[in-house]
Amino acid sequence: MMENNFPLQDSFGREHNYLRISITEHCNLRCSYCMPEEGIALTPKSHLMTADEIIHIAKTFLSHGVSKIRLTGGEPLVRKDAKEIILQLGKLGVDLTITTNGILVPNFIETFKEAGIKTINISIDSLVKEKFNKITRRNYFDTVFENIDLLLEEGFKVKLNVVLIKEFNDNEILDFISLTKHKNIQIRFIEFMPFNGNHWDKSKLVSYAEVMETIQSEYAFSEIERLTDAPNDTAKNFKIKSHLGSFAIISSVTNPFCSTCNRIRLTADGKLKNCLFSNSETSLLETLRAGESIIPLIQQNLLSKKAVRGGMDDDQKFQNPDLFSKNRSMIAIGG
Ligand code: SAM
Ligand code: SF4
Numbered sequence: 038m039m040e041n042n043f044p045l046q047d048s049f050g051r052e053h054n055y056l057r058i059s060i061t062e063h064c065n066l067r068c069s070y071c072m073p074e075e076g077i078a079l080t081p082k083s084h085l086m087t088a089d090e091i092i093h094i095a096k097t098f099l100s101h102g103v104s105k106i107r108l109t110g111g112e113p114l115v116r117k118d119a120k121e122i123i124l125q126l127g128k129l130g131v132d133l134t135i136t137t138n139g140i141l142v143p144n145f146i147e148t149f150k151e152a153g154i155k156t157i158n159i160s161i162d163s164l165v166k167e168k169f170n171k172i173t174r175r176n177y178f179d180t181v182f183e184n185i186d187l188l189l190e191e192g193f194k195v196k197l198n199v200v201l202i203k204e205f206n207d208n209e210i211l212d213f214i215s216l217t218k219h220k221n222i223q224i225r226f227i228e229f230m231p232f233n234g235n236h237w238d239k240s241k242l243v244s245y246a247e248v249m250e251t252i253q254s255e256y257a258f259s260e261i262e263r264l265t266d267a268p269n270d271t272a273k274n275f276k277i278k279s280h281l282g283s284f285a286i287i288s289s290v291t292n293p294f295c296s297t298c299n300r301i302r303l304t305a306d307g308k309l310k311n312c313l314f315s316n317s318e319t320s321l322l323e324t325l326r327a328g329e330s331i332i333p334l335i336q337q338n339l340l341s342k343k344a345v346r347g348g349m350d351d352d353q354k355f356q357n358p359d360l361f362s363k364n365r366s367m368i369a370i371g372g
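Numbered per our numbering, the sequence shown spans residues 38 to 372.
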């Protein structure tokens, strides 16, 4: 059915060379935009990918054109064999990155270096301790802040993911920009997206246009530099010219970037999702465990990929809870 080394192409000609692997559904935070307060029904351990299965599936993707892998979760660093997984993936010569809430970073500095990880994305939604602790429903603000500095001292490139929510942290946009003045970090403002159980509604969204408006209220047009976006970048990148760091806006809701999408996602229970917003999933794990080839399944999954946001191609569909609540909570997808 399939030639070896086929590019992972969908029916719109998009080539998928970027695999995001969730290695756990567990987390040491409880961010309200990511998971329901009562938690999620966790998959039994026997239905989750083992380290060997993760490496096997990763190798299959690498031999068919994937060149970048991001580890995510849940919180990837809470998994007991996270070090082993990171080190083994590091040996495969892939561009390896990770998204983490940063809490356990000090235990992994050497592992990251040995695996060749250069860039780390850390999620932090407020620079105010009480607000951070409120949205994460835990008490780790100081730890996360110290660990961001630790990563910078250790020479990593650090990107900070900030999910913007109206009347929660939209008044901190300029404070986050100020952070880029002396720290060489990238702030990534992310539009709040709808998932099962996260109480999304459009009135809580802070749009790309609103973020720019706020920044322009403080900085003259001539002070803001539009940077060149990397190919397939989901973010629009900018910089205040006199600042060391930069900022970016990810506008999946108001300005989706689906036409250049190169991503495919593997959940911790071994299901392939061709889009963050797609309800349909393909289990690779069952087939792998049955000793059969997973390649035809990968191809079928990609060929069923919709043009825009898992088929939620207009505002009305996107805002329809009947549609987005059929999807998993973000914590079980791997953002
Ligand atoms: N635990 C890690 C962390 O928080 O960085 C990795 C997993 S987390 C699901 C990955 C990213 O998804 C985080 O940057 C988080 O802010 C983002 N995220 C979660 N829920 C979101 C939502 N409803 N809208 C936009 N981004 C979301
Ligand atoms: Fe955990 Fe990350 Fe979700 Fe927060 S955003 S609950 S840290 S998985």
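Every residue, glycine too, gets a C-beta built ideally from N, C-alpha and C.
>> If I measure Cβ to Cβ from Asn41 and keep anything under 6 Å in the same chain, skipping five residues before and after, which residues do I get?
In response: Unreliable positioning characterises Asn41 in this predicted model, as indicated by a pLDDT of 47, which lies under 50. The coordinate reading is nonetheless provided below. Excluding sequence neighbours, Asn41 sits near nothing in its chain.
> Does the beta-carbon distance from Ile185 to Gly153 come in below 8 Å?
Replying inline: no
> Within 7 Å: the Cβ of Cys64 and any heavy atom of the ligand ZN?
Replying inline: The model depicted lacks the ligand ZN and carries the ligand SAM and the ligand SF4 instead.
>> So, with DSSP's three-state summary, where would you put Asn144?
In response: If DSSP states are grouped into helix, strand and coil, Asn144 belongs with the helices.
> What are the partner residues of Phe275, as DSSP defines its beta bridges?
Replying inline: Arg263 and Phe284
> Residues bridged to Tyr55 by DSSP?
Replying inline: Lys105 and Arg300
>> I believe Gly347 touches Asn299 by the beta-carbon criterion, under 8 Å. Please report the beta-carbon distance rounded to the nearest angstrom.
In response: Not confirmed; about 16 Å, so no contact.
> Beta-carbon separation of Leu85 and Leu114 under 8 Å?
Replying inline: no
>> Does the region 230-241 come into contact with the region 265-276, if we say contact requires no fewer than three beta-carbon pairs (one atom in each stretch) closer than 8 Å?
In response: no
> Between Phe436 and Ile157, is the Cβ-Cβ spacing less than 8 Å?
Replying inline: Since the first and last residues shown for the chain are 38 and 372, residue 436 lies out of range.
> CB-CB under 8 Å to Ile261, same chain, minus the five flanking residues each way: which ones, in chain order?
Replying inline: The beta carbon of Ile261 sits closer than 8 Å to the beta carbons of Ile252, Gln253, Phe275, Lys276, Ile277 and Lys278 from its chain, once the five residues preceding and following it are set aside; these are given in chain order.
> Do you know offhand how far Lys179's Cα is from Val165's?
Replying inline: The sequence as given places Asp at residue 179; Lys does not occur at that position. Across the structure, Asp179 and Val165 are spaced so that their CA atoms are roughly 10 Å apart.
> If Gln223 sits next to Lys196, beta carbons under 8 Å apart, how far is it from one beta carbon to the other, in whole angstroms?
Replying inline: 4 Å
>> Helix, strand or coil for Thr291? Go by DSSP, reduced to three states.
In response: coil
> When you compare only the Cα positions, how much space is there between Lys363 and Gly307?
Replying inline: 18 Å
> Taking C-alpha atoms, which residue in Asp207, Ser59, Ser288 and Asn206 lies nearest to Thr87?
Replying inline: Ser59
>> I'd like to confirm something about Asn299: is its beta-carbon nearer than 7 Å to some heavy atom of the ligand SF4, or not?
In response: no
> Nearest-angstrom Cα distance between Phe355 and Lys128?
Replying inline: Within the model, the alpha-carbon separation for Phe355 versus Lys128 is close to 40 Å.
> Taking DSSP as the reference, what is the three-state secondary structure of Asn235?
Replying inline: Coil.
>> Going by DSSP in three states, Asn208 sits in which element: helix, strand or coil?
In response: helix
> Could you give the uninterrupted runs of the alpha helix (DSSP H) lying entirely in the region 110-193, keeping only those of 4 residues or more?
Replying inline: With a minimum length of 4 residues, the continuous alpha helix (DSSP H) runs that stay inside the region 110-193 are 119-127, 146-151, 166-173 and 178-190.
> Grouping DSSP H, G and I as helix and E and B as strand, with all else coil, what is Glu40?
Replying inline: Only weak support is given to the placement of Glu40: the predicted model assigns it a pLDDT of 44, under 50, and the value that follows is read from those uncertain coordinates. It is coil, neither helix nor strand.
>> Check for me: the beta strand (DSSP E) holding Leu309 runs from which residue to which?
In response: Lys308 to Lys310
>> By the DSSP assignment, the beta strand (DSSP E) with Ile202 in it spans what residues?
In response: Ile202 -> no beta strand (DSSP E), and no H or E assigned at all.
> According to DSSP, is Ser83 helix, strand or coil?
Replying inline: Ser83 falls in the helix class under three-state DSSP.
> So who's on the other strand from Val345, going by DSSP bridges?
Replying inline: Val345 pairs with nothing; no bridge assigned.
> Do you know whose CA, among Thr134, Ser160, Asn206 and Asp359, lies nearest Phe149's CA?
Replying inline: Thr134
> Between which two residues does the beta strand (DSSP E) carrying Phe226 extend?
Replying inline: Ile222 to Glu228
> Which residue's Cα is closest to the Cα of Ser288: Met367, Val248, Arg57 and Thr109?
Replying inline: Val248
> In the DSSP assignment, what are the bridge partners of Gln46?
Replying inline: Partner(s): Glu52.
>> Can you confirm whether the region 115-124 touches the region 55-70 when touching is taken to mean that 3 or more C-beta pairs between the two stretches lie within less than 8 Å?
In response: yes
> Grouping DSSP H, G and I as helix and E and B as strand, with all else coil, what is Thr97?
Replying inline: helix
>> Can you list, in chain order, the residues of its chain with a C-beta nearer than 8 Å to that of Ile122? Leave out the 5 residues immediately preceding and following it.
In response: Ile60, Ala88, Ile91, Ile92, Leu108 and Arg116
> Among residues of its own chain, excluding the 5 on either side of Glu147, which ones have a beta-carbon nearer than 8 Å to its beta-carbon?
Replying inline: Excluding sequence neighbours, Glu147 sits near nothing in its chain.
> Of the residues Arg302, Ala327 and Ile210, which one's Cα is nearest the Cα of Lys342?
Replying inline: Arg302
> Quick one: Cα of Phe378 to Cα of Glu250, how far?
Replying inline: The structure shown does not extend to residue 378, since the chain spans only 38 to 372, so no value can be given for it.
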